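For the sequence shown, numbering that gives the first Met the number 0 gives the first residue as 0, with consecutive numbering after it.
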Amino acid sequence: MIGQKDILDILKNYDLKNITIGVLGGHSALDVCSGAKKHGFKTVAVCQKGRDKTYSKYYKTRGDGRGCIDEIILVDKFSDIINEDVQEKLRAMNTIFIHNRYFWVYFKDFKDFEDKFKVPVFGLREGVKLEERDQPKNQYYLLEKAGIRMPKIIREGGQKLDKEETKKLLDKHFITEKGGPLIVKVNEAIRGYERAFFVVTNTADYFSDSERFVKEGKINKKDLDNSVIEEFIIGAQINFNFFYSPLNDELEIMGTDLRRQTSLDGFLRLNAKTQMELLEAGYTPSMIETGHVACTTKESILEKAFEAGEKFVATLKKEVAPGIIGAFALQGAIAAYEGKEEFVVFDVSMRIPGSPGTRFTPCTTYLYGESVSFGERIGMEVKEAVKQGKLKEILT
């Protein structure tokens, strides 16, 4: 992996008075670039041909000051950012890159990003890999180490079990322990980075549903065998979006949101009779994430969220050097058990979440006196690190 010495060697050739903030053209790029421009940085987006108009046309910086994308670098596919000619252009612009979900969606091998991308990255470079459930020291491992409540895991990802062994695990949960619904976390067959999750309430449903999805080509057998089966949390779903600053050792909640999922959201708006008819006909709503909705939470929940965030930050410092830097999210639900509300985390983002709407929730206003976006907060951190001569503390 590219180490701190490599980053320092690259920074020696940078003009720190002329830094460019770089992004892949997707996910949260506009949020990042808009915030960077507000703090005086130039911006560059690496865009895939045929998917570039958002950045090359609609939000391109104009002469009158509108827009937030100063430059674009066109590539045939996103993973071409690893090509040396692209990296040379980025380094020539004194680029600090902000990674996002696209890095692990479009890179064929995590090692390419970790070992070959010789451009300073804001945040934990290794974080994009640790979100994956089949990696060592993954999000489940880190949540458990941190002592953060998460769903009960019935079958771990990559756990090689035959049909009979899987049946025994499910029967133990449903029959012996009289447990509630389970969610099967498996990826789509066609788009491996998207979710084809499904919920089951008994052992028979798991086998009938999974076999049907494989037959229909929605999932494949290999991904099913590697899937995670975990407790389905019945509660109010909410994502807490955080920012940790190594410069002042302070944790902030940037905002709260919840997911919009296709076609689940539309399905839930149908009446119960129509839902049952569709289900009986074999229809299963998908959970492909298509956006986020800004939402608020009552103040009595905030301390629980901060406590979980602080535990996660402390654990990362011990388990994954140099620890979390900047943006991350703990995504889950507020569930009620015996009259007590509990924040249960079932997903972690160890980089900027794809939810720019969080700026419209009041958390940053309580701290800064005005709404602050994730992109702006990153710009603030980079600017302060340059001022203090501490860029090495926020880059990997």
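Here a beta-carbon is modelled for each residue, glycine too, at the ideal position from N, C-alpha and C.
Model, not experiment: these values are computed from the prediction.
Provide the residue span of the beta strand (DSSP E) that contains Phe327, from first to last. For this step, residue 327 is matched to residue 328 along the sequence shown. Gly325 to Tyr336 is the span of the beta strand (DSSP E), which, as asked, contains Phe327.
Are there three or more Cβ pairs, one per stretch, closer than 8 Å when the region 14-33 is compared with the region 89-102? yes
Contact set for Gly281: own chain, Cβ-Cβ below 8 Å, skip 5 residues either direction: Indexing the sequence shown from 1 puts residue 281 at position 282. For Gly281, where only same-chain residues beyond five positions count, the Cβ hits under 8 Å are Arg211.
Please report the distance separating the alpha-carbon of Lys76 from that of Asp51. Taking the first residue of the sequence shown as 1, we reach residue 76 at position 77. Taking the first residue of the sequence shown as 1, we reach residue 51 at position 52. Cα to Cα, the separation comes out at about 11 Å.
Is it the case that the Cβ atoms of Asp108 and Met0 are separated by a distance below 9 Å? Counting from one through the sequence shown, the residue named residue 108 turns up at place 109. Counting from one through the sequence shown, the residue named residue 0 turns up at place 1. Their beta carbons are not under 9 Å apart, which means Asp108 does not touch Met0 by this criterion.
Alpha helix (DSSP H) containing Cys294: first to last residue? To locate residue 294, count along the sequence shown from 1; it is residue 295. From DSSP, Cys294 is part of no alpha helix (DSSP H); its letter is neither H nor E.
Can you check which of these residues, Thr395, Leu394 and Ile377, is closest to Gly34 by C-alpha distance? Start at 1 with the first residue of the sequence shown, and residue 34 comes out as number 35. Among Thr395, Leu394 and Ile377, the Cα nearest to that of Gly34 belongs to Ile377.
Does the count of Cβ pairs from the region 134-144 and the region 315-324 closer than 8 Å reach three? yes
Less than 8 Å between C-beta atoms, sequence neighbours within five positions excluded: which residues of the same chain meet that for Cys294? Working through the sequence shown from its first residue, we reach residue 294 at position 295. These residues qualify, in order along the chain: Ile237, Thr255, Asp256, Leu257 and Thr360.
Beta strand (DSSP E) segment containing Met253, residue limits: Taking the first residue of the sequence shown as 1, we reach residue 253 at position 254. Run containing Met253: Glu249 to Ser262, per the beta strand (DSSP E) assignment.
When we look at the beta-carbon of Arg268 and count the other beta-carbons within 10 Å, is it buried (16 or more) or exposed? What you label residue 268 is simply residue 269 of the sequence shown in a count that begins at 1. Per the 10 Å Cβ criterion, exposed.
Bridge-paired residues (DSSP) for Ser348: In the sequence shown, counting from the first residue as 1, residue 348 sits at position 349. Ala328, per the DSSP bridge assignment.
Between which residues of its own chain and Asn17 is the CB-CB distance below 7 Å, once the five residues before and five after are set aside? Position 18 of the sequence shown holds residue 17. Closer than 7 Å at Cβ, skipping near neighbours: Asn93.
If you run the structure through DSSP and keep just helix, strand and coil, what is Gln236? To locate residue 236, count along the sequence shown from 1; it is residue 237. In this structure, Gln236 counts as strand in the three-state DSSP scheme.
What residue range is occupied by the uninterrupted beta strand (DSSP E) comprising Lys41? Within the sequence shown, residue 41 is the residue found at index 42, counting from 1. From DSSP, the beta strand (DSSP E) with Lys41 extends over Lys41 to Gln47.
Below 8 Å on the Cβ atoms is my guess for Ile72 versus Val85; work out the distance and round it to an integer in Å. The sequence position of residue 72 within the sequence shown is 73, counting from 1. The sequence position of residue 85 within the sequence shown is 86, counting from 1. Ile72 to Val85, Cβ: 6 Å. Contact.
Span of the alpha helix (DSSP H) holding Val31? For this step, residue 31 is matched to residue 32 along the sequence shown. Taken as a continuous stretch (DSSP letters only), the alpha helix (DSSP H) holding Val31 covers Ala28 to Lys37.
Find out if the Cβ-Cβ distance for the pair Val343, Ile333 is shorter than 9 Å. Taking the sequence shown and counting its residues from 1, the one referred to as residue 343 is at position 344. Taking the sequence shown and counting its residues from 1, the one referred to as residue 333 is at position 334. For Val343 and Ile333, yes; Cβs fall inside 9 Å.
For a quick check, are the C-beta atoms of Pro355 and Asp69 less than 9 Å apart? Looking up residue 355 in the sequence shown gives position 356. Looking up residue 69 in the sequence shown gives position 70. No, the pair does not count as a contact, with Cβ atoms beyond the cut-off.
How many angstroms separate the CA atom of Ala203 from the CA atom of Ala326? Along the sequence shown, one-based indexing puts residue 203 at 204. Along the sequence shown, one-based indexing puts residue 326 at 327. Roughly 41 Å between the two C-alpha positions.
Candidates Asp8, Ser27 and Pro119: closest to Pro352 by CA position: Reading the sequence shown from its first residue, position 353 is the one you call residue 352. Ranking Asp8, Ser27 and Pro119 by Cα distance to Pro352 puts Ser27 first.
Secondary structure at Tyr57, three-state DSSP: helix, strand or coil? By one-based count along the sequence shown, residue 57 stands at place 58. Three-state result, Tyr57: helix.
What residue range is occupied by the uninterrupted beta strand (DSSP E) comprising Val199? Sequence index remark: in the sequence shown, residue 199 carries index 200 (1-based). Phe197 to Val199 is the extent of the beta strand (DSSP E) around Val199.
Determine, using beta carbons only, whether Ile80 and Ile152 come nearer to each other than 9 Å. Here the question's residue 80 lines up with position 81 in the sequence shown. Here the question's residue 152 lines up with position 153 in the sequence shown. Contact flag unset, no.
Can you tell me whether Ser372 is buried or exposed? The criterion is at least 16 other CB atoms within 10 Å of its CB, across all chains shown. Stepping through the sequence shown from its first residue, residue 372 is reached at position 373. When all chains shown are included, Ser372 counts as buried.
To which residues of the same chain is Ala335 closer than 6 Å at the C-beta, ignoring the five residues directly before and after it? Counting from 1 along the sequence shown, the entry for residue 335 is found at position 336. Correct list: empty, nothing qualifies.
Quick one: is Phe242 near chain C, going by C-beta distance under 9 Å? This model lacks chain C altogether, as it is built from one protein chain only.
Within 10 angstroms of its Cβ, does Gln260 collect 16 or more other Cβ (buried), or is it exposed? Walking along the sequence shown from the start, residue 260 turns up at place 261. Answer is buried; the Cβ neighbour count reaches 16.
Taking the alpha-carbon positions, what's the Ile415 to Ser262 distance? This structure does not reach residue 415, given that the chain is present from 0 up to 395, and the question cannot be answered.
Compute the distance between the beta-carbons of Phe196 and Leu329, then report whether it is under 9 Å. Mapped onto the sequence shown, residue 196 falls at position 197. Mapped onto the sequence shown, residue 329 falls at position 330. Cβ atoms of Phe196 and Leu329: not closer than 9 Å.
Rounded C-alpha distance that separates Glu383 from Trp103: Your numbering for residue 383 matches position 384 in the sequence shown. Your numbering for residue 103 matches position 104 in the sequence shown. Cα to Cα, the separation comes out at about 29 Å.
Go ahead and pull the three-state DSSP assignment for Tyr365. Here residue 365 is taken as the residue at index 366 of the sequence shown, counted from 1. Tyr365 falls in the helix class under three-state DSSP.
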